[in-house]
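Colleague: Got a structure for you, written out below as structure tokens; questions coming shortly.
In the working numbering, the protein residues as written are 51 to 363.
This is how it looks when you write it as structure tokens:
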């Protein structure tokens, strides 16, 4: 815990993002102080060809503002190549240490003997965060997650942020430490909701809260929120947004044979689910919902640029 606290202090000192008086993020980005900032984020980019095509379509239709790549997945190469040729896309690294599907698995980019604590008996990532958290060692996670970031960068992509697949980097304190350390090392903003401060010592949480850009609200559709109409659940989330930094996570894909085979046995976040998310973000009804609630859409790239300007002072 002592090393964890020291790391947090180092992180805070190195990346201080609130030095321009009392300006909040909205003001630093040129908006009014009470703006409802929203990142619409597509997770799991690179998972499959279907996900990649859906993500590109959502970007083209301005249905999403950001996404992140699962570097260990087979189709990451395709989307990395596309993003390299389309540098305006706001793409981060979806740090991955779990493989949840029954019949579609992946391992790490590092040699298995170097990340043994992250792998199950078959050499794949564990299917759940709970299983990972019980055995994962920080040294193994650091090696693997750094490899994932480096792979994306070496492909020619300039990542705008780092976040986490299934919340796996929050599985235990050692992994949280690695997560924040990599953010500092690569000078990339990190998805860290304010509510997660409860996982830290109170004095450290208070200092961290005042020094980095925390998400004030993170919204993702859960199975128990689904009603008769797909948009109704998202409507509740959008209408509940308060001024500050918010993120809405979506999972988009084209509902086809490939995605159906990958997600077989998983209705939640499966192929049909992801098609509905894609249809939603591209719909005029959803865009009207954002407009009527005075939502200001932003990207992680904007936050990265502000963070690095502030950190250089």
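Quick reminder that beta carbons are idealized off the backbone N, C-alpha and C, glycines included.
#1: With H, G and I counted as helix, E and B as strand and the rest as coil, what does DSSP make of residue 114?
#2: Can you say whether residue 122 is buried or exposed, counting buried as having 16 or more other CB atoms within 10 angstroms of its CB?
#3: Between 329, 221, 188, 133, which lies nearest to residue 182 when the distance is taken from Cα to Cα?
#4: Give the single residue among 216, 160, 312 whose Cα lies nearest to the Cα of residue 190.
#5: In whole angstroms, give me the CA-to-CA distance for residue 328 and residue 298.
#6: At what residue ranges does the stretch 265-303 contain a whole run of the beta strand (DSSP E), taking only runs of 3 or more?
#7: Helix, strand or coil: how does DSSP classify residue 203 here?
#8: Can you name the start and end residues of the beta strand (DSSP E) that residue 143 belongs to?
#9: Specify, as a first and last residue, the run of the alpha helix (DSSP H) that residue 95 falls within.
#10: Out of 280, 225, 213, 288, state which residue places its alpha-carbon closest to the alpha-carbon of residue 242.
#11: Count the other C-beta atoms from every protein chain shown that fall within 10 angstroms of the C-beta of residue 352, then say buried if there are 16 or more, exposed otherwise.
#12: Specify, as a first and last residue, the run of the beta strand (DSSP E) that residue 348 falls within.
#13: For residue 212, report the span of its beta strand (DSSP E) as first-last.
#14: For residue 129, name the three-state secondary structure that DSSP assigns.
#15: Compare the C-alpha of residue 164 against each of 233, 339, 111, 192 and name the closest.
#16: Taking a contact to mean a Cβ-Cβ separation below 8 angstroms, would you say residue 224 touches residue 281 in this structure?
#17: Quick one: which unbroken beta strand (DSSP E) runs of 3-plus residues sit fully inside the stretch 152-240? Chain order, please.
Modeller: With the given structure in hand:
#1: Reduced to three states, the DSSP call for residue 114 is coil.
#2: Classification of residue 122: buried, given that the 10 Å Cβ count is 16 or more.
#3: Of 329, 221, 188, 133, the residue nearest in Cα terms is 221.
#4: 160
#5: 13 angstroms
#6: Every beta strand (DSSP E) of 3 residues or more that sits fully in the stretch 265-303 is shown, in chain order, as 267-270, 294-300.
#7: helix
#8: 141-145
#9: From DSSP, residue 95 is part of no alpha helix (DSSP H) but of the beta strand (DSSP E) over 86-95.
#10: Out of 280, 225, 213, 288, 213 has the C-alpha closest to the C-alpha of residue 242.
#11: buried
#12: Unbroken run through residue 348: none, as it is neither H nor E.
#13: 212-214
#14: helix
#15: 192
#16: no
#17: 212-214
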